[in-house]
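Residue numbers (the numbering used here): 657 to 792. From the three backbone atoms N, C-alpha and C, an ideal C-beta is built for every residue, glycine too.
Structure representation (structure tokens):
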């Protein structure tokens, strides 16, 4: 009888542990954001879809950029499990005339499994694409 009670207690404990909600998990779309810009543009704006594949509500606390030229707007700071939200990235491209490829990293700080989720945004200057086609 005691073995049965102990087995039942262990079984109930294990099923409760496995039934705990899974922490929020971030997936972004597009998966590898790339923006093409023209030298005469002052900046770009890009929307990123954030998917919460976890079992708990995702709470986005802040988004930091690796460059003073960039900022982010958190349109949905709270995203329910299996739900989606939106981030809006803004980058001033006025000083990027000389670079053919530039990268700005955005770090999403949240309660997700990966508390500091990094999103690299690649910026490609259309001017250099035209020049490389002329060279070939």
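When DSSP states are grouped into helix, strand and coil, residue 693 belongs to the strand group.
By the Cβ rule, the segment 767-774 does not count as touching the segment 726-736, because fewer than three pairs are nearer than 8 Å. In the three-state DSSP reduction, residue 702 falls in the strand class (E or B). Residue 724 is classed as exposed because its beta carbon has fewer than 16 other beta carbons within 10 Å across all chains shown. Cβ-Cβ distances below 6 Å link residue 694 to 782 in the same chain, with the five nearest sequence neighbours on each side left out; the list follows chain order. A straight line joining the alpha-carbon of residue 710 with that of residue 768 spans about 8 Å. The closest CA to that of residue 697, considering only 691, 761, 678, 750, is found on 750. Rounded to whole angstroms, the separation of the alpha carbons of residue 721 and residue 761 is 6 Å. Note that the C-beta distance between residue 727 and residue 745 is below 9 Å. Contact between residue 700 and residue 689 is ruled out by a C-beta separation of about 11 Å, above the 8 Å threshold.
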